[in-house]
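Chemist: In the working numbering, the protein residues as written are 7 to 202. The C-beta atom is built at its ideal place from N, Cα and C for all residues, glycine as well. Take a look at the following structure, please.
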Ligand code: SAH
């Protein structure tokens, strides 16, 4: 079945880098996600100046939008091209530094200071490196994680959030026997068992 064959499928980091190089990035949207606009109040819960995390961030335009609202945004993205395109698409000056705790990783920070993008694998992060977050925007992230890594991903995410945090997760409901993506099917029952 579609779900069974998906469980074995793996998209490697190299393949993600290639997608960026080829401009094969149909997942990237120029407009803010309508569900983030709809549920922004749930994410913020009346609070201001939050630390908001974007796992597997690509060059999501919502990072700029939330930063402009006064929140501080942290993202992680394996493709350096994606990170650089984010800053250039928005004409944001940035600086680039190595991350001492993670070999080969770099952090790109907007000069204004409220957007920090880690260029490395999300599995290299821990709360001792990035701290904890008040909110998470998970769109194209859990559904892009290889099925064999889902539990590891969710355990990490749970470790990266504060007690009083909001986690907005976007998944797509479809018949996995008819469609191959995007890129993996995560049924609601599995979301419940993963996050508890
Ligand atoms: N959330 C973004 C991008 C979704 S596509 C959006 O809404 O547009 C998934 C992204 O995750 C790709 O840009 C890919 O390069 C990145 N990625 C894949 N595996 C990763 C990993 N292990 N760590 C960090 N980024 C990863």
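Using 10 angstroms around the beta-carbon of residue 151, count the other beta-carbons present and answer buried if the total reaches 16, otherwise exposed.
Modeler: Taking the chain shown and counting its residues from 1, one reaches residue 151 at position 145. Looking at its Cβ environment, which holds 16 or more other Cβ atoms inside 10 Å, residue 151 is buried.
Chemist: Using the beta-carbon count (16 or more within 10 Å), is residue 16 buried or exposed?
Modeler: If you number the chain shown from 1, residue 16 lands on position 10. The residue in question, residue 16, is exposed, as its Cβ has fewer than 16 Cβ neighbours within 10 Å.
Chemist: State yes or no: is the C-beta of residue 132 nearer than 6 Å to some heavy atom of the ligand SAH?
Modeler: Residue 132 sits at position 126 when you count from the first residue of the chain shown. No, since every heavy atom of the ligand SAH falls outside the 6 Å radius drawn around the Cβ of residue 132.
Chemist: In chain order, which alpha helix (DSSP H) runs of at least 4 residues are fully inside the stretch 98-160?
Modeler: Listed in chain order, they are 133-136.
Chemist: Determine, using beta carbons only, whether residue 68 comes closer than 7 Å to chain B.
Modeler: No chain B is part of this structure, which consists of one protein chain only.
Chemist: Could you tell me if residue 164 is buried or exposed, where buried requires 16 or more neighbouring beta carbons within 10 angstroms of its beta carbon?
Modeler: Counted from its first residue, the chain shown places residue 164 at position 158. That one is exposed.
Chemist: Please report the distance separating the alpha-carbon of residue 82 from that of residue 45.
Modeler: Walking along the chain shown from the start, residue 82 turns up at place 76. Walking along the chain shown from the start, residue 45 turns up at place 39. About 22 Å.
Chemist: Say whether the stretch 190-201 touches the stretch 143-160, bearing in mind that this needs 3 or more beta-carbon pairs closer than 8 Å, one atom from each stretch.
Modeler: yes
Chemist: Under the assumption that residue 125 contacts residue 89 (Cβ atoms under 8 Å), give the Cβ distance between them as a whole number of angstroms.
Modeler: Within the chain shown, numbered from 1, the residue matching residue 125 stands at position 119. Within the chain shown, numbered from 1, the residue matching residue 89 stands at position 83. Contact flag correct, Cβ pair sits at about 5 Å.
Chemist: Is the stretch 98-109 touching the stretch 117-135 in the sense that three or more CB pairs, one from each, lie closer than 8 Å?
Modeler: Result yes; three or more Cβ-Cβ pairs closer than 8 Å.
Chemist: Which of the three DSSP states is assigned to residue 60 in this structure?
Modeler: Taking the first residue of the chain shown as 1, we reach residue 60 at position 54. It is a strand residue.
Chemist: Out of 153, 73, 175, 147, which has the shortest C-alpha to C-alpha gap to residue 10?
Modeler: For the purposes of this step, residue 10 is taken as residue 4 along the chain shown, with counting starting at 1. It is 153 whose Cα lies nearest to the Cα of residue 10.
Chemist: Could you tell me the alpha carbon to alpha carbon distance between residue 113 and residue 136, rounded to whole angstroms?
Modeler: Looking up residue 113 in the chain shown gives position 107. Looking up residue 136 in the chain shown gives position 130. Distance between the alpha carbons of residue 113 and residue 136: 11 Å.
Chemist: Classify residue 168 as helix, strand or coil using the three-state DSSP reduction.
Modeler: Stepping through the chain shown from its first residue, residue 168 is reached at position 162. Here DSSP, grouped into helix, strand and coil, assigns residue 168 to strand.
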